[in-house]
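Q: Numbering (my numbering), first residue to last: 26 to 468.
Built from N, CA and C at the ideal position, the CB exists for glycine as well.
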Amino acid sequence: MRTTKSQRGTAAAASVLLMGLVLSGCTSPEGSEVDGGGEEALDAALAEGGTLEYWSWLPSGEAQAEAFMAEHENVTINVRNTGGVSEHNMALQNAITAGTGVPDVIQVEYQSIAQYQLPGSLLDLTAYGLDGLEDTFTASTWQAVTPNDGVWALPQDSAPMSMFYNASVFDANGLEVPTTWEEFIAAGEALEASNPDLCIINDIGDAGFTTSMIWQAGGRPFKVEGDTVHIDLQDEGARLWADTWNELVEKGLNCEFPPGTNEWFQALNAGTIATLPAGPWMAAALPRLVPDGAGMWRVAPMPSYDGTPANAENGGSAQAVTSASSSPALAAAFLRWLSTDPASFAAYPGMFPSTVAELSNEEFLAQEVEYFGGQKINEVFADGVDAVGAGWQYLPWQVYANGIVSETVGQSYLNRTDINDGLAEWQERNVRYAQEQGFTVEE
Numbered sequence: 026m027r028t029t030k031s032q033r034g035t036a037a038a039a040s041v042l043l044m045g046l047v048l049s050g051c052t053s054p055e056g057s058e059v060d061g062g063g064e065e066a067l068d069a070a071l072a073e074g075g076t077l078e079y080w081s082w083l084p085s086g087e088a089q090a091e092a093f094m095a096e097h098e099n100v101t102i103n104v105r106n107t108g109g110v111s112e113h114n115m116a117l118q119n120a121i122t123a124g125t126g127v128p129d130v131i132q133v134e135y136q137s138i139a140q141y142q143l144p145g146s147l148l149d150l151t152a153y154g155l156d157g158l159e160d161t162f163t164a165s166t167w168q169a170v171t172p173n174d175g176v177w178a179l180p181q182d183s184a185p186m187s188m189f190y191n192a193s194v195f196d197a198n199g200l201e202v203p204t205t206w207e208e209f210i211a212a213g214e215a216l217e218a219s220n221p222d223l224c225i226i227n228d229i230g231d232a233g234f235t236t237s238m239i240w241q242a243g244g245r246p247f248k249v250e251g252d253t254v255h256i257d258l259q260d261e262g263a264r265l266w267a268d269t270w271n272e273l274v275e276k277g278l279n280c281e282f283p284p285g286t287n288e289w290f291q292a293l294n295a296g297t298i299a300t301l302p303a304g305p306w307m308a309a310a311l312p313r314l315v316p317d318g319a320g321m322w323r324v325a326p327m328p329s330y331d332g333t334p335a336n337a338e339n340g341g342s343a344q345a346v347t348s349a350s351s352s353p354a355l356a357a358a359f360l361r362w363l364s365t366d367p368a369s370f371a372a373y374p375g376m377f378p379s380t381v382a383e384l385s386n387e388e389f390l391a392q393e394v395e396y397f398g399g400q401k402i403n404e405v406f407a408d409g410v411d412a413v414g415a416g417w418q419y420l421p422w423q424v425y426a427n428g429i430v431s432e433t434v435g436q437s438y439l440n441r442t443d444i445n446d447g448l449a450e451w452q453e454r455n456v457r458y459a460q461e462q463g464f465t466v467e468e
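Here it is as structure tokens:
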């Protein structure tokens, strides 16, 4: 069994325990409601004007605010770039805990919405008629912002998965683009036989990738109804993914370079890693991170288990109005603009849209991307949206849950043991944490 590809050492077992909002001490487990007066109140708030505080970890936040203020001269948007997701969550949690300095509008990952909503930190946007925007967005992103019978945010972008692959590596080794995971493993074996220094994929048990792959396999391990949570990381889909990935890992077909390290960048630039299943954000990252791959990479639909298209989201974020906002109608009006106005999209280059109109825009779909050999990659991404499975939910403490994946599922990769055992341990740790925080857990 080949083990020389692993470069991570003992650091992979270290846990980064990020903060988790809990039910303890919450005044309203259902979020915050106001008597908003519908969308007419938003238009009136725009006419009256005012000042808002907006927190985002993306540089595009400032450009979007500038574009909004150019259209609404009586509104001032003060933007705080929080620098990154982890820093953003920590700063927001500190402000919420202190009860002061909470912004009006926040960027929030889809996976974290329930984490803020359950303690009552987000405003239910149905008060302003924004539930009427449901048909504006893709089904999976709308579902992500509407847990527990409310509209707690509006989608900003979407992240349907695709398989990024190095076409030059595939061609040089006589590989066909796989359409099923069985074909994917066979391609990995052929690549191994052709050149043992190459691998079909790089995976060390990344948390976001793990949940997306369980989703794509049909798993729905988390169900949340208020403070009652169902956890089953051995449901049919979770086991299907784990059994498939066990074969890939046991045969040593994957590289194990920690993403973002020098070794990972070098491996991608050298063509050592043949595929990267990921969301459309990878299309913006590759040209910057892997310049030597220009013209070599392509995009294909995700392989599935039976040949029928099946997909999942892999990332993405929304914007929400905090319940602490002193100008909720104006904040909701800004939110509506951020998520639906073409001027907002233009100020956010590289964003893969969550609106149905943008995803069917012929000019958007026809864009040819030089880095990907002139391929119309948006067509592949857009087709992937239609295959995203319904019914996925995140845990209300998903940030914490992600932080312990390396200590549970990740150890199965490190030790070449059954990934199902890693999933079982991940479940046990989550159940224990949930009970400590006052949730009722069903397994």
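#1: Let's see if you can read the secondary structure: which residues bound the alpha helix (DSSP H) around Phe209?
#2: Do Leu148 and Thr286 have their C-beta atoms within less than 8 Å of each other?
#3: Please report the distance separating the alpha-carbon of Asp231 from that of Ser437.
#4: Can you pull the DSSP bridge partners for Gly75?
#5: Does the beta-carbon of Arg323 have 16 or more other beta-carbons within 10 angstroms, so that it is buried, or is it exposed?
#6: Do you know offhand how far Glu468's Cα is from Val249's?
#7: Buried or exposed for Ala123, please, with buried defined as at least 16 other CB atoms from any protein chain shown within 10 angstroms of its CB.
#8: Does the beta-carbon of Leu42 have 16 or more other beta-carbons within 10 angstroms, so that it is buried, or is it exposed?
#9: With DSSP as the reference, label Arg441 as helix, strand or coil.
#10: Taking Met188 as the reference, which of Glu388, Met115 and Ser329 has the closest Cα?
#11: Within 10 angstroms of its Cβ, does Asn191 collect 16 or more other Cβ (buried), or is it exposed?
#12: Just how far apart, CA to CA, sit Gly154 and Gly74?
#13: So, is Ala345 buried or exposed, given that buried needs 16 or more other C-beta atoms within 10 angstroms?
#14: Indicate the three-state DSSP secondary structure (helix, strand or coil) for Asn191 in the structure shown.
#15: Can you tell me which of Val466, Glu98, Ala88 and Gly109 puts its alpha carbon nearest to the alpha carbon of Trp82?
#16: Bridge partners for Val133 per DSSP, in chain order?
#17: Straight-line CA distance for Gly341 to Leu314?
#18: Does the stretch 406-423 come into contact with the stretch 140-147, if we say contact requires no fewer than three beta-carbon pairs (one atom in each stretch) closer than 8 Å?
#19: For a test of the three-state rule: what should DSSP assign to Trp80, helix, strand or coil?
#20: Apart from the five residues just before and just after Met376, which ones in its own chain have a Cβ nearer than 8 Å to its Cβ?
#21: Which runs of the alpha helix (DSSP H) spanning at least 4 residues fall entirely within the stretch 244-284, listed in chain order?
#22: Quick one: Cα of Thr269 to Cα of Ala299, how far?
#23: Kindly identify the DSSP beta-bridge partner or partners of Pro180.
#24: For the stretch 272-285 against the stretch 457-468, are there 3 or more C-beta pairs whose distance is under 8 Å?
#25: In whole angstroms, give me the CA-to-CA distance for Trp417 and Ala95.
#26: In this structure, does DSSP put Ala325 in helix, strand or coil?
#27: What residue range is occupied by the uninterrupted alpha helix (DSSP H) comprising Glu388?
#28: Among Gly447, Leu150, Leu67 and Phe209, whose alpha-carbon lies nearest the alpha-carbon of Pro302?
#29: Is it right to say Thr163 is buried, meaning 16 or more other beta carbons lie within 10 angstroms of its own, or is it exposed?
#30: Could you check which residue in Ala357, Leu355, Val381 and Ala356 has the C-alpha nearest to that of Pro367?
#31: Please state whether the Cβ-Cβ distance between Asn106 and Glu78 is less than 8 Å.
#32: In terms of residues, what are the limits of the alpha helix (DSSP H) holding Ala303?
A: With the structure as the only source:
#1: One-based indexing of the sequence shown puts residue 209 at position 184. From DSSP, the alpha helix (DSSP H) with Phe209 extends over Trp206 to Ser219.
#2: Numbered from its first residue, the sequence shown carries residue 148 at position 123. Numbered from its first residue, the sequence shown carries residue 286 at position 261. No. Outside cutoff.
#3: Position 206 of the sequence shown holds residue 231. Position 412 of the sequence shown holds residue 437. Distance between the alpha carbons of Asp231 and Ser437: 12 Å.
#4: Stepping through the sequence shown from its first residue, residue 75 is reached at position 50. The partner list for Gly75 (beta bridge, DSSP) reads Val100.
#5: Locating residue 323 in the sequence shown gives position 298, where the first residue counts as 1. With 16 or more other Cβ atoms within 10 Å, it is buried.
#6: Residue numbering aside, residue 468 sits at position 443 when the sequence shown is read from its first letter. Residue numbering aside, residue 249 sits at position 224 when the sequence shown is read from its first letter. Distance between the alpha carbons of Glu468 and Val249 is about 12 Å.
#7: Taking the sequence shown and counting its residues from 1, the one referred to as residue 123 is at position 98. By the 10 Å Cβ count, Ala123 comes out exposed.
#8: Sequence index remark: in the sequence shown, residue 42 carries index 17 (1-based). Note on Leu42: pLDDT 31, under 50, position unreliable in the model; the coordinate value appears next. Exposed is the call here.
#9: Locating residue 441 in the sequence shown gives position 416, counting from the first residue. Residue state, collapsed to three classes: coil.
#10: As a position in the sequence shown, residue 188 is number 163, starting the count at 1. The candidate whose alpha carbon is nearest that of Met188 is Ser329.
#11: Position 166 of the sequence shown holds residue 191. When all chains shown are included, Asn191 counts as buried.
#12: By 1-based counting over the sequence shown, the position of residue 154 is 129. By 1-based counting over the sequence shown, the position of residue 74 is 49. Rounded to whole angstroms, Gly154 to Gly74 spans 20 Å at the Cα level.
#13: Locating residue 345 in the sequence shown gives position 320, counting from the first residue. Buried.
#14: Here residue 191 is taken as the residue at index 166 of the sequence shown, counted from 1. Here Asn191 sits in strand by DSSP.
#15: Taking the first residue of the sequence shown as 1, we reach residue 82 at position 57. Answer by Cα proximity: Gly109.
#16: The residue labelled residue 133 in the question sits at position 108 within the sequence shown. Val133 pairs with Ala343.
#17: Counting from 1 along the sequence shown, the entry for residue 341 is found at position 316. Counting from 1 along the sequence shown, the entry for residue 314 is found at position 289. Whole-angstrom Cα-Cα distance: 20 Å.
#18: yes
#19: Your numbering for residue 80 matches position 55 in the sequence shown. Three-state DSSP puts Trp80 in a strand.
#20: Counting from one through the sequence shown, the residue named residue 376 turns up at place 351. Here the set comprises Ser85, Gln181, Asp182 and Phe370.
#21: 261-275
#22: Indexing the sequence shown from 1 puts residue 269 at position 244. Indexing the sequence shown from 1 puts residue 299 at position 274. Straight-line Cα distance between these residues: approximately 18 Å.
#23: The sequence position of residue 180 within the sequence shown is 155, counting from 1. Answer is Ala343.
#24: no
#25: Sequence index remark: in the sequence shown, residue 417 carries index 392 (1-based). Sequence index remark: in the sequence shown, residue 95 carries index 70 (1-based). So the alpha carbons of these two residues sit roughly 38 Å apart.
#26: The count along the sequence shown starts at 1 and reaches residue 325 at position 300. In this structure, Ala325 counts as strand in the three-state DSSP scheme.
#27: Position 363 of the sequence shown, counted from the first residue, corresponds to residue 388. Unbroken alpha helix (DSSP H) run through Glu388: Glu387 to Leu390.
#28: As a position in the sequence shown, residue 302 is number 277, starting the count at 1. Ranking the options by Cα distance to Pro302, first place goes to Phe209.
#29: Counting from 1 along the sequence shown, the entry for residue 163 is found at position 138. With 16 or more other Cβ atoms within 10 Å, it is buried.
#30: Here residue 367 corresponds to residue number 342 of the sequence shown, with the count starting at 1. Of Ala357, Leu355, Val381 and Ala356, the residue nearest in Cα terms is Val381.
#31: The residue labelled residue 106 in the question sits at position 81 within the sequence shown. The residue labelled residue 78 in the question sits at position 53 within the sequence shown. Not a contact, by the Cβ cut-off of 8 Å.
#32: Reading the sequence shown from its first residue, position 278 is the one you call residue 303. It is not in any alpha helix (DSSP H) - Ala303 instead sits in the beta strand (DSSP E) that spans Thr300 to Ala303.
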